[in-house]
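Visitor:
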Amino acid sequence: MTSLYGFKRSPAPRASKIGVETQTNKRRLLAGDFLRFGNHRLQRDAMIGGQFSRFGDSANTSFVSHQKQSVENQLVPNDAFARSLIYADFAAETDKKSREIDAEIQRIDDLFVKLNLENAQKTLDLVKPKPKPEPKPKPEIKPEAEFEEEPEIVPLTAEERQEVTSFLNQRVSSNTVVAKAFRIDLTFSELVALKPGKWLDDHVIDIYLAAQLDNLKQVYVFSALFMTTLKEFGLKRTKKRLKGFKNIFEPEKLIIPLHVHGNHWTLAVVDNKKKSIYYYDSMSGYEHQDSNNKPTGKTSSSIHELRLLKEYLQIQSEVLGTGDSEYLIYDRMPCPQQHNGSDCGVFMCETAVRVARNQPLTHKQSDMPTIRQRMALCILKLRS
Numbered sequence: 001m002t003s004l005y006g007f008k009r010s011p012a013p014r015a016s017k018i019g020v021e022t023q024t025n026k027r028r029l030l031a032g033d034f035l036r037f038g039n040h041r042l043q044r045d046a047m048i049g050g051q052f053s054r055f056g057d058s059a060n061t062s063f064v065s066h067q068k069q070s071v072e073n074q075l076v077p078n079d080a081f082a083r084s085l086i087y088a089d090f091a092a093e094t095d096k097k098s099r100e101i102d103a104e105i106q107r108i109d110d111l112f113v114k115l116n117l118e119n120a121q122k123t124l125d126l127v128k129p130k131p132k133p134e135p136k137p138k139p140e141i142k143p144e145a146e147f148e149e150e151p152e153i154v155p156l157t158a159e160e161r162q163e164v165t166s167f168l169n170q171r172v173s174s175n176t177v178v179a180k181a182f183r184i185d186l187t188f189s190e191l192v193a194l195k196p197g198k199w200l201d202d203h204v205i206d207i208y209l210a211a212q213l214d215n216l217k218q219v220y221v222f223s224a225l226f227m228t229t230l231k232e233f234g235l236k237r238t239k240k241r242l243k244g245f246k247n248i249f250e251p252e253k254l255i256i257p258l259h260v261h262g263n264h265w266t267l268a269v270v271d272n273k274k275k276s277i278y279y280y281d282s283m284s285g286y287e288h289q290d291s292n293n294k295p296t297g298k299t300s301s302s303i304h305e306l307r308l309l310k311e312y313l314q315i316q317s318e319v320l321g322t323g324d325s326e327y328l329i330y331d332r333m334p335c336p337q338q339h340n341g342s343d344c345g346v347f348m349c350e351t352a353v354r355v356a357r358n359q360p361l362t363h364k365q366s367d368m369p370t371i372r373q374r375m376a377l378c379i380l381k382l383r384s
């Protein structure tokens with residue numbers, strides 16, 4: 001008899017009936033064990049194939065089905081031992097395939113873990129706050145390399161003092177116009193404010209600064225009421241045309257008196273070359289007090305007016321298309337300080353003249369009476 005593997009099987013030796021039955025029973029038991037082992041492996045590998053198909057490899061399921069069908073086709077119903085050998089070979093091959101599947105699953109799991117880690121790192125990078133850029137430090141304010149000759153505050157001569165004193169003490173109507181210049185009609189009541197201890201009027205400031213600085217070609221003086229008009233009518237409705245200039249960025253310096261808090265004169269100087277706004281206050285660091293002698297919390301350094309002035313420059317730059325609106329504000333410029341509550345206008349005028357002429361700020365409180373007299377004399381000379 002020829003077996004399934006192609007070799008001739010030798011006939012079994014003759015034996016007694018009892019021996020044949022015993023040998024037959026052993027073969028049946030052995031074949032049954034192989035069959036149970038093979039069926040168990042087939043079931044396990046079929047489950048593995050089903051799990052692997054979830055990852056997209058449906059070919060493995062086809063492989064198991066094909067192998068099982070091939071085995072069924074080769075089985076011989078009456079040969080239990082041959083069936084067990086075939087199932088054993090099939091189980092070994094299926095076990096090898098299952099190990100390959102397990103290795104592939106492990107590789108895919110490792111890949112998923114790696115991708116999840118990379119995505120998590122990218123998410124952390126997006127959520128992580130970016131460091132704030134360090135603010136650019138303001139350039140250090142360096143004094144001018146050279147000043148013009150320091151002005152000497154010379155007392156008036158006897159004749160000049162007599163002229164000023166007699167004019168300010170005469171009895172005339174307060175509305176009498178005593179000087180006409182620079183499109184300003186100055187009345188007697190306004191000129192009398194130059195007496196010691198009195199507050200200056202905006203007309204006195206305008207006519208005096210114009211008389212002192214009109215001959216400087218690269219300096220323009222704004223009206224003392226400019227900031228008041230700017231705050232009252234707003235940025236868009238305020239249009240300033242400079243006499244002799246096409247736009248406000250042509251002069252090197254703009255002299256702008258500021259009347260802040262309703263009772264204090266300060267000075268803003270716009271330097272178009274340095275793209276800076278400088279603020280001079282003869283009472284810097286002091287607090288104004290109300291009638292109850294309680295602090296109001298308002299300091300003489302009015303940052304609101306300076307920011308409004310900067311916005312005005314930005315609007316003018318956009319209208320004119322100059323692109324010169326990036327100005328820095330320096331609101332604490334060193335300047336001489338007053339020791340009373342009435343000389344702020346005189347300090348402001350003297351500071352404006354000296355800054356415009358690039359002269360050192362060396363005037364002081366003791367110079368105020370002489371400066372008041374010289375301001376009055378300067379205005380009186382405009383009558384002729």
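One point on numbering: in UniProt numbering, the residue at position 222 of the sequence shown is 222, and numbering is uninterrupted. Glycine residues also receive a C-beta, built at the ideal position from the N, C-alpha and C atoms.
Say whether the segment 356-369 touches the segment 301-316, bearing in mind that this needs 3 or more beta-carbon pairs closer than 8 angstroms, one atom from each stretch.
Guide: These segments do not touch.
Visitor: Where does the unbroken alpha helix (DSSP H) through Val172 begin, and where does it stop?
Guide: By one-based count along the sequence shown, residue 172 stands at place 172. That residue, Val172, is in no alpha helix (DSSP H); it is neither H nor E in DSSP.
Visitor: Touch check for the segment 212-226 and the segment 249-267: three-plus C-beta pairs under 8 angstroms?
Guide: yes
Visitor: For Lys273, name the three-state secondary structure that DSSP assigns.
Guide: The residue you call residue 273 lines up with position 273 of the sequence shown. In this structure, Lys273 counts as coil in the three-state DSSP scheme.
Visitor: Quick one: any contact between the segment 197-208 and the segment 275-283, if contact means 3 or more CB pairs under 8 angstroms?
Guide: Flag = no, the segment 197-208 and the segment 275-283 do not touch.
Visitor: Once you ignore the five residues that flank Leu29 on each side, which residues in its own chain have a CB closer than 6 angstroms to its CB?
Guide: Position 29 of the sequence shown holds residue 29. In this prediction, Leu29 scores a pLDDT of 47, lower than 50, which makes its location untrustworthy; the coordinate-derived value is nonetheless stated afterwards. Here the set comprises nothing.
Visitor: I'd like the span of the beta strand (DSSP E) that includes Val259, first residue to last.
Guide: Start at 1 with the first residue of the sequence shown, and residue 259 comes out as number 259. The sequence shown places His at residue 259, rather than the Val named in the question. First-last of the beta strand (DSSP E) with His259: Lys253 to Val260.
Visitor: With a threshold of 7 angstroms on Cβ separation, who are the neighbours of Pro77 within its own chain once the five nearest residues in sequence on each side are excluded?
Guide: As a working mapping, residue 77 is identified with position 77 in the sequence shown. Model confidence at Pro77 stands at a pLDDT of 48, short of 50, so the residue's coordinates are unreliable; what they give is reported in the following sentence. Closer than 7 angstroms at the Cβ level, and outside the excluded window around Pro77, lies no residue.
Visitor: So Asp331 packs on Ile303, CB below 8 angstroms; how close in whole Å?
Guide: Position 331 of the sequence shown, counted from the first residue, corresponds to residue 331. Position 303 of the sequence shown, counted from the first residue, corresponds to residue 303. Yes, Asp331 and Ile303 are in contact; Cβ-Cβ is about 6 angstroms, under 8 angstroms.
Visitor: Rounded to the nearest angstrom, what separates Leu306 and Met333 at their Cα positions?
Guide: Numbered from its first residue, the sequence shown carries residue 306 at position 306. Numbered from its first residue, the sequence shown carries residue 333 at position 333. The straight-line gap from Cα to Cα measures roughly 13 angstroms.
Visitor: Using a 10 Å radius around the Cβ and a threshold of 16 neighbouring Cβ atoms, would you call Ala120 buried or exposed?
Guide: Along the sequence shown, read from residue 1 onward, the residue named residue 120 stands at position 120. By the beta-carbon neighbour count (other beta carbons within 10 angstroms, threshold 16), Ala120 is exposed.
Visitor: So, Ile186 versus Val177, is the Cβ gap smaller than 9 angstroms?
Guide: Counting from 1 along the sequence shown, the entry for residue 186 is found at position 186. Counting from 1 along the sequence shown, the entry for residue 177 is found at position 177. A small fix is needed here, since residue 186 is Leu in this sequence, not Ile. Yes, the pair counts as a contact, with Cβ atoms nearer than the cut-off.
Visitor: Does Leu186 come out as helix, strand or coil in the three-state DSSP assignment?
Guide: Position 186 of the sequence shown holds residue 186. Secondary structure at Leu186: strand, using DSSP grouped into helix, strand and coil.
Visitor: Please determine, among Phe249, Gly262 and Lys364, the residue with the shortest C-alpha to C-alpha distance to Ile315.
Guide: Residue mapping note: residue 315 aligns to position 315 of the sequence shown, counting from 1. Among Phe249, Gly262 and Lys364, the Cα nearest to that of Ile315 belongs to Phe249.
Visitor: Nearest by alpha-carbon distance to Asn263: which of Val319, Gly345, Ala211 and Val164 is it?
Guide: Numbered from its first residue, the sequence shown carries residue 263 at position 263. Minimum Cα distance to Asn263 is reached at Gly345.
Visitor: Which one of Val353, Asn175, Leu380 and Phe347 has the shortest CA to CA distance from Gln365?
Guide: Position 365 of the sequence shown, counted from the first residue, corresponds to residue 365. Comparing Cα positions, the closest option is Phe347.
Visitor: Tell me the rounded alpha-carbon separation between Ile371 and Pro155.
Guide: On the sequence shown, position 371 is the one that residue 371 refers to. On the sequence shown, position 155 is the one that residue 155 refers to. Going from the Cα of Ile371 to the Cα of Pro155 covers about 9 angstroms.
Visitor: With which residues is Trp199 paired in a DSSP beta bridge?
Guide: For this step, residue 199 is matched to residue 199 along the sequence shown. DSSP, once it has assigned bridges, lists no residue as partnering Trp199.
Visitor: CB Leu191 to CB Ala210, shorter than 9 angstroms?
Guide: The residue given as residue 191 occupies position 191 in the sequence shown. The residue given as residue 210 occupies position 210 in the sequence shown. In this structure, Ala210 does not lie closer than 9 angstroms to Leu191 by Cβ.
Visitor: Please state whether the Cβ-Cβ distance between Asn247 and Leu328 is less than 9 angstroms.
Guide: As a working note, residue 247 is residue 247 in the sequence shown. As a working note, residue 328 is residue 328 in the sequence shown. No, they are not a contact pair.
Visitor: Can you give me the Cβ contacts of Glu350 inside the same chain, cut-off strictly under 6 angstroms, excluding the 5 residues immediately before and after it?
Guide: On the sequence shown, residue 350 is found 350 positions in, with the first residue counted as 1. Hits under 6 angstroms: His363 and Ile371.
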